[in-house]
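Position 313 (the sequence shown) corresponds to 361 in our numbering; numbering is contiguous. Think of the CB as a built atom: it goes at the ideal place given N, C-alpha and C, for glycine as much as any other residue.
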Amino acid sequence: MFGGVPRMKKFLHLDLDAFFASVEQLDRPELRGKPVIVGGSDNRGVVSTCSYEARAFGVRSAMPIALARKKCPQGIFVPVRYSRYQEKSAEVRAIYKAYSPLYETMGLDEAYLDVSHYDDAVPVGKELKRRIRQEVGLTCSIGLSYNKSLAKIASDLKKPDGFVIIRPHEALDVLRPLPIGAIHGIGKKSQELLEKRAIYTVEDFWQLSLDEVVQMFGKLGYSLYNRTRGIDEREIVMDRPVKSISRETTLPFDVYQSDAVLPIARELMNEVITDMKEEQVIAQTMTLKIKYADFTQRSKQQRVAPGADWSTVLEELVDAFDYSSGIRLVGVGVSNFLDKNHGPHYEQLTIFPLLRDKGSTALE
Ligand SMILES: [Mg+2]
């Protein structure tokens, strides 16, 4: 591929199709072919993911559940099972990791791979699709191109189960008719801003000068100007080593008793334990975080001896708080990982500000 162009890089973008909904359909065959909407069973939440059958009714991610019910009354609404999706995501990662040491995960369902070391990366993409289907039971869409931005655009062009290659000489023709929102970095707000200036497509955007784009978007303007022209110099950003793992959840109503907190904390802890296994780390500190009804926040930590029973420590932490004024959020975290090479170390970490490392899972 890319014959005649010297030292051209090759990036592959892999995107699992309707991931959460597909896992539900894989685990529960009776849901296959049906409009499955993942994202909570009450009317307070938003749609996390929905199957393609539900998309046909106009249901979309981030749509309020109540609206999704209106659009698709026959929809099957199922709660988010985050730890199960993490398991499946890890299975997929175990496959693609073998093809390149340079990979970058974007959430549970997307990844970039630098596949520049293959003379021909097309068979790699085909093999990844086949193996993920056979070994994990899921379909994915793959985009292959000479930079990250175009690889992502390519994976989006023929979803689900697509495989699209954008070669250098095709890039501008592919970009030209795309809605401007398809460009990475142009969100809803930017799109509205552009539409006010009658800019709807990439081709419309081309009419703006670099100065105008920078005036509108600041520093990001340079990247956007380039990306809309098929230029993107970004490299793979490898995942940083994990220093803490945590989960938190906003409660559907304020809770006043430790009896009510414990089962929620246990559930969060189970997700954290799944993560620890996946990351192959052993934590030595557990933290419980509570947010009160008035939004003040407290956390308490306890050391955990290797091999000790997590649930006992968790119970002690839950009992250490006063719930009489009502709480609205519970978080459970672990940190202070056993250093495999240098024995135990006892660095103190403020773990909750690092939550973003693992992605927030507030199930609101
Ligand atoms: Mg996806």
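{"Asked": "For ligand 1, residues whose Cβ lies under 7 angstroms from any non-hydrogen atom", "Found": "D63, L64, D65, A66, F67, D157, E158"}
{"Asked": "Under 8 angstroms between C-beta atoms of D197 and H232", "Found": "Rather than Asp, the amino acid found at residue 197 in this sequence is Ser. Taking 8 angstroms as the Cβ cut-off, S197 and H232 qualify as a contacting pair."}
{"Asked": "Beta-carbon spacing of V128, F68 below 8 angstroms", "Found": "yes"}
{"Asked": "Secondary structure of V222, DSSP reduced to three states", "Found": "helix"}
{"Asked": "N- and C-terminal bounds of the beta strand (DSSP E) containing G173", "Found": "First-last for G173: 170–179, but that is the alpha helix (DSSP H), not the beta strand (DSSP E)."}
{"Asked": "H61 beta carbon less than 8 angstroms from that of Y166", "Found": "no"}
{"Asked": "Buried versus exposed call for T18 [16 or more other C-beta atoms within 10 Å across all chains shown]", "Found": "This structure does not reach residue 18, given that the chain is present from 49 up to 412, and the question cannot be answered."}
{"Asked": "Stretch-stretch touch, CB-based, cutoff 8 angstroms, three pairs: the stretch 220–234 with the stretch 246–256", "Found": "yes"}
{"Asked": "Sheet register partners of C120 (DSSP bridge)", "Found": "Note: C120 sits in no beta bridge, so no partner."}
{"Asked": "Residue interval of the alpha helix (DSSP H) (run including V107)", "Found": "Unbroken run through V107: none, as it is neither H nor E."}
{"Asked": "Alpha-carbon spacing of N195 relative to A331, whole angstroms", "Found": "38 angstroms"}
{"Asked": "Residue burial classification, Q263 (beta-carbon count within 10 angstroms, cutoff 16)", "Found": "exposed"}
{"Asked": "A102 classed as buried or exposed, judged by whether at least 16 other C-beta atoms fall within 10 angstroms", "Found": "buried"}
{"Asked": "Segment limits, alpha helix (DSSP H) that includes T142", "Found": "Note that residue 142 is Ala in the sequence shown here, rather than Thr. Run containing A142: 130–144, per the alpha helix (DSSP H) assignment."}
{"Asked": "Contact set for L74: own chain, Cβ-Cβ below 6 angstroms, skip 5 residues either direction", "Found": "G185"}
{"Asked": "Three CB pairs or more closer than 8 angstroms across the stretch 313–321 and the stretch 359–375", "Found": "yes"}
{"Asked": "DSSP three-state assignment for T153, whether helix, strand or coil", "Found": "strand"}
{"Asked": "Residues bridged to T335 (per DSSP)", "Found": "Q349, G381"}
{"Asked": "Buried/exposed call for E240, threshold 16 Cβ in 10 Å", "Found": "exposed"}
{"Asked": "S203 - containing alpha helix (DSSP H), residue span", "Found": "196–205"}
{"Asked": "Coarse secondary structure for Y160, derived from DSSP in three states", "Found": "strand"}
{"Asked": "Contact the stretch 292–302 vs the stretch 364–377: 3+ CB pairs below 8 angstroms", "Found": "yes"}
{"Asked": "Three-state class that DSSP yields for Y270 in the structure shown", "Found": "helix"}
{"Asked": "F369 versus S306 - alpha carbon distance", "Found": "8 angstroms"}
{"Asked": "Alpha-carbon spacing of R178 relative to F59, whole angstroms", "Found": "19 angstroms"}
{"Asked": "Rounded separation between S347 and E218 - CA only", "Found": "54 angstroms"}
{"Asked": "Selection from T298, R141, V261 that minimises the alpha carbon distance to G155", "Found": "R141"}
{"Asked": "Boundaries of the beta strand (DSSP E) in which V420 is found, first to last residue", "Found": "Outside the displayed span of the chain (49 to 412) sits residue 420, for which this structure offers no information."}
{"Asked": "DSSP three-state assignment for R275, whether helix, strand or coil", "Found": "helix"}
{"Asked": "Where F253 falls: helix, strand or coil (DSSP)", "Found": "helix"}
{"Asked": "Alpha-carbon spacing of D63 relative to D259, whole angstroms", "Found": "34 angstroms"}
{"Asked": "Backbone CA spacing between G123 and V71 [nearest angstrom]", "Found": "16 angstroms"}
{"Asked": "Own chain, CB closer than 6 angstroms to V290, minus 5 neighbours either side, in chain order", "Found": "E327"}
{"Asked": "Nearest-angstrom Cα separation, counted from R108 out to D65", "Found": "14 angstroms"}
{"Asked": "Nearest-angstrom Cα separation, counted from A356 out to F211", "Found": "48 angstroms"}
{"Asked": "Backbone CA spacing between D413 and R76 [nearest angstrom]", "Found": "Because the chain in this structure spans residues 49 to 412, residue 413 falls outside the shown range and cannot be described."}
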